[in-house]
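Colleague: Protein chains in written order, with the numbering used here: chain F, 327 to 528; chain H, 327 to 528.
Idealized CB from N, CA, C, for every residue including glycine.
Protein chains: 2
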Amino acid sequence: MTAKRDAKREDLKGRLIEAAQARIQASGLAGLRARDITADAGCALGALYTAFADLDELILHVNSITLARLGEALQQEATGAAEPRARLKALAKAYLGFASDNRMAWKALFEHRMAPGVAVPEWHLAEHAVLIQHLVEPLAKLLPALDTPDLLARARTLFSAVHGIVSISLEDRFIGLAPTDLESELLGFVDTLVSGLETERE
Amino acid sequence: MTAKRDAKREDLKGRLIEAAQARIQASGLAGLRARDITADAGCALGALYTAFADLDELILHVNSITLARLGEALQQEATGAAEPRARLKALAKAYLGFASDNRMAWKALFEHRMAPGVAVPEWHLAEHAVLIQHLVEPLAKLLPALDTPDLLARARTLFSAVHGIVSISLEDRFIGLAPTDLESELLGFVDTLVSGLETERE
DNA sequence: GAGGAAAATGAACGGTGTTCATAAATTTCT
DNA sequence: AGAAATTTATGAACACCGTTCATTTTCCTC
Numbered sequence: 327m328t329a330k331r332d333a334k335r336e337d338l339k340g341r342l343i344e345a346a347q348a349r350i351q352a353s354g355l356a357g358l359r360a361r362d363i364t365a366d367a368g369c370a371l372g373a374l375y376t377a378f379a380d381l382d383e384l385i386l387h388v389n390s391i392t393l394a395r396l397g398e399a400l401q402q403e404a405t406g407a408a409e410p411r412a413r414l415k416a417l418a419k420a421y422l423g424f425a426s427d428n429r430m431a432w433k434a435l436f437e438h439r440m441a442p443g444v445a446v447p448e449w450h451l452a453e454h455a456v457l458i459q460h461l462v463e464p465l466a467k468l469l470p471a472l473d474t475p476d477l478l479a480r481a482r483t484l485f486s487a488v489h490g491i492v493s494i495s496l497e498d499r500f501i502g503l504a505p506t507d508l509e510s511e512l513l514g515f516v517d518t519l520v521s522g523l524e525t526e527r528e
Numbered sequence: 327m328t329a330k331r332d333a334k335r336e337d338l339k340g341r342l343i344e345a346a347q348a349r350i351q352a353s354g355l356a357g358l359r360a361r362d363i364t365a366d367a368g369c370a371l372g373a374l375y376t377a378f379a380d381l382d383e384l385i386l387h388v389n390s391i392t393l394a395r396l397g398e399a400l401q402q403e404a405t406g407a408a409e410p411r412a413r414l415k416a417l418a419k420a421y422l423g424f425a426s427d428n429r430m431a432w433k434a435l436f437e438h439r440m441a442p443g444v445a446v447p448e449w450h451l452a453e454h455a456v457l458i459q460h461l462v463e464p465l466a467k468l469l470p471a472l473d474t475p476d477l478l479a480r481a482r483t484l485f486s487a488v489h490g491i492v493s494i495s496l497e498d499r500f501i502g503l504a505p506t507d508l509e510s511e512l513l514g515f516v517d518t519l520v521s522g523l524e525t526e527r528e
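(1) Taking 8 Å as the CB-CB limit, is H:E344 close to chain F?
(2) Report the rounded CA-to-CA distance for F:L342 versus F:D332, giving the unit in angstroms.
(3) Is the Cβ of F:G522 closer than 8 Å to any Cβ of chain H?
(4) Expressed to the nearest angstrom, what Euclidean distance is found between the alpha-carbon atoms of F:G340 and F:L374?
(5) How big is the Cα-Cα spacing for H:L496 and F:A407?
(6) State the start and end residues of the unbroken alpha helix (DSSP H) segment that holds F:L451.
(7) Mind listing, in chain order, the continuous alpha helix (DSSP H) runs of no fewer than 4 residues lying wholly within the region 357-389 of chain F?
(8) Let me see if you follow: with CB-CB separation under 8 Å, is F:S426 close to chain H or not?
(9) So which of F:L422, F:V456 and F:A471 has the shortest CA-CA distance to H:F500?
(10) On the premise that F:A434 lies in contact with F:N389, defined as a C-beta separation below 8 Å, what is that separation, rounded to the nearest angstrom?
(11) So F:A434 is in the alpha helix (DSSP H); what residue range does that whole segment cover?
(12) Can you tell me whether F:D498 is helix, strand or coil according to DSSP?
(13) Please confirm whether H:L519 has its beta-carbon closer than 8 Å to some beta-carbon of chain F.
(14) Would you verify that the beta carbon of H:G423 is, or is not, closer than 8 Å to some beta carbon of chain F?
(15) Thinking just about the alpha-carbon of each residue, which of F:E509, F:S521, F:T483 and F:A441 is nearest to the one in F:S426?
(16) Taking H:A479 as the reference, give the member of F:I494, F:F485 and F:L465 with the closest Cα.
(17) Here's the rule: buried if 16 or more other CB atoms are within 10 angstroms of the residue's CB, otherwise exposed. What is H:G357?
(18) With a cut-off of 8 Å, do at least 3 Cβ pairs link the region 417-432 of chain H to the region 486-493 of chain H?
(19) Counting only beta-carbon atoms, is H:I350 nearer than 8 Å to chain F?
(20) Grab me the residues of H:R527's own chain with a C-beta within less than 7 Å of its C-beta, minus the 5 sequence neighbours each way, in chain order.
(21) By Cβ distance, which residues of its chain are closer than 8 Å to F:Q351, with the 5 residues on each side in sequence left out?
(22) Are there 16 or more other CB atoms within 10 angstroms of the CB of H:K334, so buried, or fewer, so exposed?
(23) So what does DSSP say about F:E398, is it helix, strand or coil?
(24) Return yes when the Cβ of F:L512 is within less than 8 Å of the Cβ of F:A481, no when it is not.
(25) So, at 8 Å on beta carbons, what are the nonlocal neighbours of F:L477 in its own chain, with the 5 sequence-adjacent residues on each side left out?
(26) What does F:P442 reach in chain H if we use C-beta pairs closer than 9 Å?
(27) Indicate the three-state DSSP secondary structure (helix, strand or coil) for F:T328 in the structure shown.
(28) Using 8 Å as the threshold, is the C-beta distance between F:L381 and F:A360 below it?
(29) Compare the C-beta of H:F500 with all C-beta atoms of chain F and state if any pair is closer than 8 Å.
(30) Which residues bound the alpha helix (DSSP H) around H:L472?
(31) Strictly under 8 Å for the Cβ-Cβ distance: is F:L490 near chain H by that measure?
(32) Does any C-beta atom of chain F lie closer than 8 Å to the C-beta of H:S493?
(33) Let's see if you can read the secondary structure: which residues bound the alpha helix (DSSP H) around H:L512?
Printed below as a string of structure tokens:
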């Protein structure tokens with residue numbers, strides 16, 4: 327029976343993930359240090375490498391949890407309005423809300439890069455894909471003539487556009503908008519795009 | 327007369343910028359090493375810190391040059407078509423073309439982060455703002471009722487959306503589109519958005 | 001409980017950006 | 001033009017990073 331071993335191992339993994347999550351939330355991905363994480367988790371520096379292959383793998387697990395939380399936030403909105411326009415706007419608003427409420431964790435999702443030549447694991451790519459799935463259903467109602475591959479492409483494009491708007495606004499690179507202006511700007515954008523889709527359908 | 331001093335100083339700066347630019351183009355921002363740059367530029371390691379405050383300042387100068395080249399690429403397209411729809415599509419296409427032709431340099435524009443607590447210098451923010459300016463004129467034709475602040479907000483939103491579509495597609499995070507599909511998807515997006523803007527105007 | 005296997009430890013390693021006493025080069029003064 | 005003063009180039013040294021590994025400690029099997 328190796329119960330105690332496995333339990334300790336899982337406990338250590340959990341504490342490391344939690345510590346890394348807290349550090350990311352506080353100082354962002356750039357401020358993440360293996361020595362800080364292990365100190366917070368109450369273990370030795372080397373213990374991190376008995377639980378995970380390297381820091382990247384640990385970050386991937388933190389991002390997994392963030393994606394799950396983001397997925398829940400979107401799921402709540404997706405079950406609300408039935409009309410495609412209202413639902414897409416609700417999803418965009420929820421995405422913006424999550425991003426500004428969990429700024430550092432959300433930024434980590436897209437800032438993190440694997441070591442050169444190392445691909446993102448398949449299971450993590452699949453978790454990202456879920457974000458797009460929420461858009462397919464309302465888009466299908468809006469564009470009944472499209473087949474599945476085309477719908478997926480449109481959904482990915484729409485997600486990318488919304489992500490770009492949220493992303494650039496929450497960075498300091500361009501002159502920022504007030505949060506309330508950002509929301510109305512984003513919802514206006516979705517409105518315009520939906521109107522365009524309806525027009526083209528005719 | 328301090329002519330020789332200034333000339334040498336400018337020459338050193340130029341060689342460092344050129345070396346950094348080549349390294350970024352070859353291995354990206356993540357593969358940039360102070361020792362590699364100074365070796366390529368033919369100077370000692372410490373010389374970098376007599377020409378620039380730190381690596382960040384050097385990267386900022388490389389990004390400046392990239393922004394200037396991107397600006398030229400957009401300028402060429404901006405003087406072509408007169409119709410707003412055609413011009414916005416030409417600009418989006420040019421942006422995508424520049425991004426895929428200069429992938430590493432383009433990525434560096436948005437991946438680079440200053441040290442924590444240090445703001446991006448004003449002169450560099452201004453260089454970014456130029457990207458948006460190209461969109462204002464065609465948008466003004468499309469939306470004659472809007473005042474300047476609103477036009478700027480719409481232009482920034484449109485740029486962010488196009489940037490998001492290009493950005494996520496050129497990364498490996500989501501399932502990628504073939505380059506040719508990406509272009510038609512992007513142009514279709516601009517088409518839809520312009521149609522939406524025309525509809526709402528009525 | 002004894003013996004063996006697995007895991008935790010933290011000092012040590014190689015590599016990073018940055019600094020700094022020293023040396024070289026350039027300008028200024030007489 | 002030559003000497004003194006000032007600025008700049010140098011690269012070894014520093015602090016810090018992720019990661020490794022011989023050693024110790026803990027846990028499982030018998």
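Modeller: The short version:
(1) No Cβ of chain F is located within less than 8 Å of the beta carbon of H:E344.
(2) 15 Å
(3) At a cut-off of 8 Å between beta carbons, F:G522 contacts chain H.
(4) 11 Å
(5) Their Cα atoms are separated by approximately 33 Å.
(6) E448 to L468
(7) Every unbroken stretch of the alpha helix (DSSP H) spanning 4 or more residues and falling wholly within the region 357-389 of chain F is given here in chain order: 360-367 and 374-377.
(8) Taking Cβ atoms only, chain H never reaches closer than 8 Å to F:S426, which makes this a no.
(9) F:V456
(10) 6 Å
(11) First-last of the alpha helix (DSSP H) with F:A434: R429 to E437.
(12) It is coil, neither helix nor strand.
(13) Taking Cβ atoms only, chain F reaches closer than 8 Å to H:L519, which makes this a yes.
(14) no
(15) F:E509
(16) F:I494
(17) exposed
(18) Between the region 417-432 of chain H and the region 486-493 of chain H there are three or more inter-stretch CB-CB distances shorter than 8 Å, so the stretches are counted as touching.
(19) no
(20) Here the set comprises L469.
(21) Within the same chain, and ignoring the five residues on either side of F:Q351 in sequence, the residues whose Cβ sits closer than 8 Å to its Cβ are N428, M430 and A431.
(22) exposed
(23) helix
(24) no
(25) Hits under 8 Å: V462, L465, A466 and L469.
(26) S353, G354, A356 and G357
(27) coil
(28) At the C-beta level, F:L381 and F:A360 come within 8 Å of one another.
(29) yes
(30) From DSSP, H:L472 is part of no alpha helix (DSSP H); its letter is neither H nor E.
(31) Note on identity: in this sequence residue 490 of chain F is Gly, with Leu being the wrong assignment. Chain H contact via Cβ: present.
(32) yes
(33) P505 to R527
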